[in-house]
Amino acid sequence: MTDLSHPAPQFSAGDAETLARDIFGVTGKASPLDSERDRNYRLKTGGDADWILKIVNSSEPRIESEFQTALLHHLANANAKLAVPHLKSSLAGDFLASVTGSNGETHALRLVGWLKGTPLAQVGRTCELMRGLGRSLGELDRALQGFIHPGALRDLDWDLRHAARARSRLHFVRDPEKRAILERFLERFETLVEPKLPQLRAQVIHNDANDWNVLVDDQDNQRISGLIDFGDAVHTVLIAEVAIACAYSILDMDDPIGAAAALASGFHEKYPLQAEELDVLFDLIAMRLVTSVTFSASRHDQTGDNPYLAISEAPAWRLLEKMDAMNPRLATAILRKACGLDAVDGAGAVRRWIADSSKTFAAIVRPAPATMSKAIVPYGDASHVMTVASADQRPQEATRWWTDFSDQHKVELGVGPWGEKRTVYTDKAFESRFIEGQRRIHHLGVDLFMPAGTPLYAPVAATVKSVEIEHEPLGYGGLIALEHAPEGCPPFVTLWGHMAHEALARLKPGDRLEAGALVGHMGDIHENGGWTPHLHFQISTDVHLTATEIIGVGESAYLDVWAEIFPDASVLAGLPPETFAQHGRTREELVAKRRELLLPNLSISYSEPIKFVRGDGVWLIDNHGRAYLDCFNNVCHLGHVHPDVVEALSRQAGLLNTNTRYLHDAIVEYAERLTATLPEGLAVASFACSGSEANSLMLRMARNHTGRDEAIVLDWAYHGTTQELIDLSPYKYKRKGGKGRPDHVYEAVIPDGYHAPEDWPAEEHGRRFAESVAEQIAAMRSKGRAPAFFLAESIPSVAGQVFLPEGYLKDVYAMVRAEGGLCLADEVQVGFGRVGSHWWAFETQGVVPDIVSMGKPIGNGHPMSAVVATREVAESFNNGMEYFNTFAGNPVSCAVGLAVLNAIERDKLRDNALDVGNYLLNGFRKMQERFDMIGDVRGLGLFLGIELVTDRKTKAPATDLARKISDGARTRGVLMGTEGPHDNVLKMRPPMIFSRANADHLLDVLSASFEATLR
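Take 5 as the starting number for the sequence shown in this note's numbering and just add one per residue.
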């Protein structure tokens, strides 16, 4: 073992010149260089090449000098481009010579080339320079990989594996505060780091890349030009190379960990580091400094004037004090992130799991945040009165402003975004511990502002980790940490700040909370750290941080790191991304542009129109991140943005889209699958692009088959937007802008059992209402006419969700067919299993039409429709005139249609429609018992109606009340419509994926809307 206290060799400059000339044949002027144990001289030859003569300490075993010589020789062969000293052979042909001093001691001797450059210690350091140093060391150690020599296996105090030996030198550090710092680092090293070192990669490394052994290009101070002095080279853990270089090169930098991260990333670029190595880097940097300052302290009495030993002592202490104030886990996260690793193991997996599981979380507040009207709290505005008042610790004033604003703008939930830059953090505690002179200003949680006392619930099952109180002004007040360990996800922690203190008595560490269980309540000003009441909600992917170690505010420089350790909690909190950023035109701008550019009779729902920007299942999300439960738009049959439909459309669109004049498999497969859902006899399909197109085609087929034009329709029916369909739609031709009933159209009464004469027995409703059709046939007959067809929706929709009485269609179909007419079923709104009990609503009447049209739900929002007829009708339509529709039946549409059928069958959505529909009907009927204005509740599956009346006996329509209820539901985040001749029927037709939980939400909102309207 080398004796570190043995005096350096005693050779003068003249001696050095003589040795260089006599042994190596080099003539030059010698000047001494600083060295700790050896004697080094620079030899200036007057030419391009200068040299360094190294006279090795006699206490160093010969094998170590042989090792260093072999190392330099290996590097020259492994990578000649490395900027390291090259050896000069002696006149005898050896790279390592010997000399005996005046005291009789023998010293190894070698001559190496002088490398041009300025020591790193003498230049300004930047992160780019640190990255370059890392690259140089990475290249060096990559070249040394696999090299070994007996001399490398030496016992060296500067080997970081032995850093714990510094404990024996602690007594030389007289300042108790400084000694305490060293003791803390030693304790961490001995308990957390030293046991891991044997498992890390080991090889020969330089081991002393201090700022005097690193050279920088004289002309370009951002480029490393050389690495010198391999006197401490040793076989040890690879990561020690990075740690030692960091320990010296980051001294007195404003952002030492950022500089260390740059150096590590440069090394990683050339020689990839492993996560286990980066996890000990912070502590190894500190332990190199501990080793240095304890050696310096132990030798202070003897070598106080030695500049080589003393040069880094004061900066080393300053850096140790900075590092002692840092959280090692956060520092390590910075180092890991710089090398492209997760800042914390599993951080990426946690974020992905949260994103993928977003639809499964329990609501953190009730109602769910997504469904509430929201506004961003103005903490991002430094000059705002609420920000200034909060920063000045005037929470009552800040709270008054927020309460007034919320009341004025009907805001239910205030939101503070993740990452927001804020000036509200004025306390000294928010000064950065990583970057000199900077403050932590970026919010790392999500704030939810609601009144004090608002209950808060666990979104995911959890175990209580800690419950405590922070008493500092602008601190957290009541503080709860929960640990979550969901299946398929690494564990993570949620932090709940500014809580009421009641949780301290109710919760204790180890308690189990299921998803949806009460966590606590939002604290009032006196218990939440002195803030406007809100929850600070934060995720930590590092479960080893305590609640008080989790930083709620971070530095700008490391926002990307904090995004991994403390990712945006908005998804877990149930906040749509639209809450935080709006794009495109405002609502007012859109309304103005529509008036300018579009038809003036294109209507908009609601007096305050909604701008929707995204759909998700049963929800529609507006441009401010409010999610509305969609109980009205039945086009998206499977729910908005159904993944199967999106995938099928995208896949086929990327492969082929053409028309029916060419062969492709999709149209045949789809026609086969579609007709299989229909009763026997309905066997021939054709396709179109909208419900109106389908109905128009159905009319052509019927008229062609019968040779007639006369039609029987139901009062208040609606069948489409073309003129020929408007002529068959009393809903259109009877209202403003309509031209009245055309001569060829005969109108039967709507078979509405709720409004049937009181003296009609319920079991006779079907027959009695069918008599109206018989009257229309008789009227035709009196004019020498006969019906071409009877056309009806299987459940009249705009007429008020009217369910046909039992036996009605059997009687009607029989009458019409007896006159040679066809029976046409319009299933554009009610088909594809919406009624639950059957695929098609006409099946509930026990009849089979001659032709059936279908649209809206067929493509889940993709524009397509279909007509299916009997073979007899189809054959008669083949009269020589081609039917061709450019886009109808194209491969993309057929792929979409197949995806819809597959989902309905695979997910048993008919069963779901029947189950949830019955659940809703039961809920509506219970509501009917409470509210007299509910005259009738009707529905089948997920096609539902509630008729409102001012008097149950007279059944007078409550039109204004229906509008108020519908508007009230909209205000509470539920979309529905009003229908019927008097617009007094609440119309609901939610997606087929509607769940009982969705149904409960709808029932709660309807109940609240009724109660509010009756106040």
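No residue lacks a Cβ here, since even glycine has one placed at the ideal position from N, Cα and C.
Closest to residue i by CA distance: which of the options is it?
i: N638; options: G859, V749, R355, W843; result: G859
i: T498; options: E612, E506, H548; result: H548
i: N107; options: R292, S269, P13; result: P13
i: Y632; options: V1009, A249, V649; result: V1009
i: S718; options: T710, K738, I261; result: In the sequence on display, residue 718 carries Leu and not Ser. Answer by Cα proximity: K738.
i: V297; options: A706, L486, D179, W118; result: D179
i: F71; options: D161, H210, L37; result: H210
i: K85; options: G97, G230, L925; result: G230
i: K957; options: Q203, E886, E762; result: E762
i: L576; options: G558, L508, V464, Y666; result: V464
i: S361; options: P490, I243, A184; result: P490
i: L141; options: K274, P867, I261, G811; result: K274
i: P65; options: G155, A20, G121, L137; result: G155
i: V88; options: H78, G804, A675, K597; result: H78
i: S970; options: M980, A962, P961, F616; result: M980
Here's a check: name, in chain order, each residue in its chain whose Cβ is nearer than 7 Å to the Cβ of residue i, leaving out the five neighbours to either side.
i: F928; result: V941, I950
i: F998; result: V622, V920, L946
i: G742; result: K736
i: M291; result: L164, A167, F189, F193
i: A878; result: V688
i: T110; result: S62, S102, T104
Per DSSP, which residues does residue i bridge with? Please list them.
i: C827; result: F794
i: H447; result: V557
i: T498; result: L486, I543
i: D620; result: W623
i: M819; result: Partner(s): none; M819 has no beta bridge.
i: D854; result: Answer is none; D854 lacks a bridge partner.
i: T982; result: L990
i: A752; result: L718
i: L813; result: Its beta-bridge partners do not exist; DSSP assigns none.
i: S470; result: A485
i: A960; result: D955
i: A940; result: In the sequence under discussion, the amino acid at residue 940 is Asp, which differs from the Ala named in the question. For D940, which the question treats as bridged, DSSP gives the partners E951.
i: H1020; result: With the chain represented from 5 up to 1019, any question about residue 1020 goes unanswered, as that position is not in the structure.
i: L91; result: V116
Which residues bound the alpha helix (DSSP H) around residue i?
i: R589; result: It is not in any alpha helix (DSSP H) - R589 carries neither H nor E in the DSSP assignment.
i: M702; result: 695 to 710
i: T975; result: 963 to 975
i: E181; result: 180 to 192
i: E951; result: Taken as a continuous stretch (DSSP letters only), E951 belongs to no alpha helix (DSSP H), being part of the beta strand (DSSP E) at 947 to 955.
i: V649; result: 647 to 657
i: T679; result: 669 to 680
i: L1018; result: 1000 to 1018
Tell me the residue span of the beta strand (DSSP E) that contains residue i.
i: I380; result: 378 to 380
i: A631; result: 631 to 634
i: S690; result: 686 to 692
i: L990; result: 989 to 992
i: I781; result: Counting along the chain, I781 falls outside any beta strand (DSSP E), though it belongs to the alpha helix (DSSP H) covering 769 to 786.
Are the C-beta of residue i and some C-beta of chain B separated by less than 7 Å?
i: C635; result: Absence of chain B from the displayed structure is noted, only one protein chain being present.
Take residue i and list the residues in its own chain whose beta-carbon comes closer than 8 Å to its own, dropping the five residues that flank it on each side.
i: L113; result: L23, I27, L57, K58, I59, V60, L100, A101, S102, V103
i: K378; result: V415, E416, L417, G418, V419, L579, T583, H628, G629, R630
i: D287; result: F189, R192, F193, L196, V197, P332
i: R173; result: T298, F299, A301, S302
Quick one: what's got a C-beta closer than 6 Å to residue i's C-beta in the same chain, skipping five residues either side?
i: V1; result: In the structure as shown, the chain begins at 5 and stops at 1019. Residue 1 is therefore absent and cannot be evaluated.
i: M330; result: R437
i: K341; result: A347, V565
i: E21; result: A34
Quick check for students: name the residue ranges of the alpha helix (DSSP H) that lie wholly in the stretch 198 to 283, counting only runs of 4 or more. 243 to 253, 260 to 274
Runs of alpha helix (DSSP H) wholly within the stretch 500 to 560 (minimum 4 residues, chain order): 507 to 510
Ignoring anything shorter than 4 residues or poking outside the stretch 13 to 86, list the alpha helix (DSSP H) runs there in chain order. 17 to 23, 66 to 82
Considering only residues of the stretch 861 to 920, which uninterrupted beta strand (DSSP E) runs meet the minimum length of 3 residues and lie entirely inside it, listed in chain order? 869 to 874
Threshold first: 4 residues or longer. Then list the alpha helix (DSSP H) segments lying entirely within the stretch 99 to 169, N to C. 131 to 148
Fully enclosed by the stretch 392 to 468, which alpha helix (DSSP H) runs are 4 residues long or longer? 399 to 413
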